[in-house]
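A.B. asks: The numbering of the sequence shown is UniProt numbering, which starts it at 1 and goes up by one. Where a beta carbon is used, it is the ideal one built from N, C-alpha and C, also for glycine. Predicted, not measured: the structure shown is a model, and the values here were computed from it.
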Amino acid sequence: VCDAGLCGGRSLLTPGHAHMTVLPASRASMSYSHPPRRTGLPRAVLRWLQSLDLSFFPRNFRRDFSNGYLIAEIFSWYYPGDIHSHSYENGASLATKLSNWSQLAQFFSKRNLKPVQELIDGTIHCKPGAAEMLVQDIYSMLTNGRIKNIQDEVDFTDHYYQEQLPMVARSTASKAIKNNIKLTEIMMEPNINKNRQKVNAIINMHMQRRLVEREENPSEWFFKATRHASLLQHRP
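Here it is as structure tokens:
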């Protein structure tokens, strides 16, 4: 799905029709001049993506899948009569994302397809790992390929990243809020009370993790507390 209906120099539109159509299998293998950055996707899923001959191959999964454009291209190979190329736009604005994903939601409902909504939301808001998980979910849905169950692993916070940092470098509560709630989430949900609930949930999670860290590493916390007290005493 790209401008003028062209993908890699070849038209995806059949004469007199506005929908994308699947290219013959013999034309479905192409080598991309810029290989994707290393991802957490299984090799079988990456090979499957390459076989679809997309208009461009995702180099940054978090960015390139967030607007739903490539997701529409993927499904067009399996449902060529349902995905209309002129209806999808490859843009970065929130309006573009909402338009593309709204159309995809209607398509999913029509075909009784049920990708994990939490993965879709995480992909829209560029949460780490969400796009990769969504692609795996779609791969399993469309090919019946077996992939490790990913639903139990869904966690789009920066918890794993924080665990890799030294204790003294980990986020404060305010930083945790900034890291774990995206501007697009606030823009899509103007209800102040709901956003307040999200913030409170992040703060509660942050405080619980801090308590666990304090119990597991009491010496680190003692060092931080004494250092902070010393700095206060020596203030001019």
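If you count every other CB in all the chains shown that lies within 10 Å of the CB of S26, and 16 or more means buried, which is it?
C.D. replies: Residue numbering aside, residue 26 sits at position 26 when the sequence shown is read from its first letter. For S26, the predicted model reports a pLDDT of 35, less than 50, meaning its position is unreliable and no value from the coordinates is stated.
A.B. asks: With a 10 Å radius around its C-beta and 16 neighbouring C-beta atoms as the bar for buried, classify S55 as buried or exposed.
C.D. replies: Counting from 1 along the sequence shown, the entry for residue 55 is found at position 55. With 16 or more other Cβ atoms within 10 Å, it is buried.
A.B. asks: Helix, strand or coil for H86 per DSSP?
C.D. replies: Within the sequence shown, the letter at position 86 stands for residue 86. Reduced to three states, the DSSP call for H86 is helix.
A.B. asks: Buried or exposed, going by whether 16 or more other CB atoms sit within 10 Å of the CB of H86?
C.D. replies: Numbered from its first residue, the sequence shown carries residue 86 at position 86. Exposed: under 16 other Cβ atoms inside 10 Å.
A.B. asks: Excluding the five sequence neighbours on either side, which residues of its own chain have a C-beta within less than 8 Å of the C-beta of F65, listed in chain order?
C.D. replies: Position 65 of the sequence shown, counting from 1, holds the residue named residue 65. Excluding positions up to five away in sequence, the list reads P58, I71, T123, A131, L134 and V135.
A.B. asks: So, under 8 Å CB-CB, D82 and R62 are touching, yes? Tell me the CB distance rounded to an integer number of Å.
C.D. replies: In the sequence shown, counting from the first residue as 1, residue 82 sits at position 82. In the sequence shown, counting from the first residue as 1, residue 62 sits at position 62. 27 Å between Cβ atoms; not a contact.
A.B. asks: Comparing C-alpha positions only, which one of S99, C126, R146 and L142 sits nearest to W77?
C.D. replies: Locating residue 77 in the sequence shown gives position 77, where the first residue counts as 1. Looking at the Cα atoms, L142 is the closest of the given residues.
A.B. asks: Of the residues K114, H125, A95 and P128, which one's Cα is nearest the Cα of residue 269?
C.D. replies: With the chain covering only 1 through 236, there is no way to say anything about residue 269.
A.B. asks: Using only alpha-carbon positions, find the residue among T96, P80, S93 and C126 that is nearest to N60.
C.D. replies: Start at 1 with the first residue of the sequence shown, and residue 60 comes out as number 60. Checking every option, the nearest Cα to that of N60 belongs to C126.
A.B. asks: S102: buried (16+ other C-beta within 10 angstroms of its C-beta) or exposed?
C.D. replies: As a position in the sequence shown, residue 102 is number 102, starting the count at 1. Answer is exposed; the Cβ neighbour count stays below 16.
A.B. asks: With G68 and L104 assumed to form a contact (beta carbons below 8 Å), what rounded beta-carbon distance in angstroms separates them?
C.D. replies: As a working note, residue 68 is residue 68 in the sequence shown. As a working note, residue 104 is residue 104 in the sequence shown. About 5 Å separates the two Cβ atoms, so the contact holds.
A.B. asks: Straight-line CA distance for G91 to L49?
C.D. replies: Here residue 91 is taken as the residue at index 91 of the sequence shown, counted from 1. Here residue 49 is taken as the residue at index 49 of the sequence shown, counted from 1. Between G91 and L49, the C-alpha separation is close to 21 Å.
A.B. asks: Give the straight-line distance between the Cα atoms of D121 and Y88, rounded to the nearest whole angstrom.
C.D. replies: Here the question's residue 121 lines up with position 121 in the sequence shown. Here the question's residue 88 lines up with position 88 in the sequence shown. Answer to the nearest angstrom: the Cα atoms are 18 Å apart.
A.B. asks: Considering G122, what are the terminal residues of the alpha helix (DSSP H) in which it resides?
C.D. replies: Reading the sequence shown from its first residue, position 122 is the one you call residue 122. Per DSSP, G122 belongs to the alpha helix (DSSP H) from Q117 to I124.
A.B. asks: Work out the CA separation of L46 and Q164 for me, nearest whole Å.
C.D. replies: The residue you call residue 164 lines up with position 164 of the sequence shown. The residue you call residue 46 lines up with position 46 of the sequence shown. Legend: pLDDT at Q164 = 49, less than 50; position of this residue unreliable, no value from coordinates given.
A.B. asks: Considering only residues of the same chain and omitting the five flanking positions on each side of G40, which have a CB-CB separation below 8 Å?
C.D. replies: As a working note, residue 40 is residue 40 in the sequence shown. Taken in chain order, the residues that qualify are G129 and E132.
A.B. asks: Measure the alpha-carbon distance for I74 versus F107 and round it to whole angstroms.
C.D. replies: As a working note, residue 74 is residue 74 in the sequence shown. As a working note, residue 107 is residue 107 in the sequence shown. About 13 Å.
A.B. asks: Does F75 have its Cβ less than 9 Å from a Cβ in chain C?
C.D. replies: Going by chain labels, chain C is absent from the structure shown, which holds only one protein chain.
A.B. asks: CA-CA distance, T96 and S51?
C.D. replies: By one-based count along the sequence shown, residue 96 stands at place 96. By one-based count along the sequence shown, residue 51 stands at place 51. Each residue's alpha carbon lies about 27 Å from the other.
A.B. asks: Out of R146, L211 and M207, which one is the CA nearest neighbour of A43?
C.D. replies: Position 43 of the sequence shown holds residue 43. For clarity, residue 43 is Arg in the given sequence; the question names Ala instead. When each option's Cα is compared against that of R43, the closest is R146.
A.B. asks: So what's S140 in DSSP terms, helix, strand or just coil?
C.D. replies: Indexing the sequence shown from 1 puts residue 140 at position 140. It is helical.
A.B. asks: Taking the alpha carbon of V116 as the reference point, which residue from E215, M207, S140 and L98 has its own alpha carbon closest?
C.D. replies: Locating residue 116 in the sequence shown gives position 116, where the first residue counts as 1. Minimum Cα distance to V116 is reached at S140.
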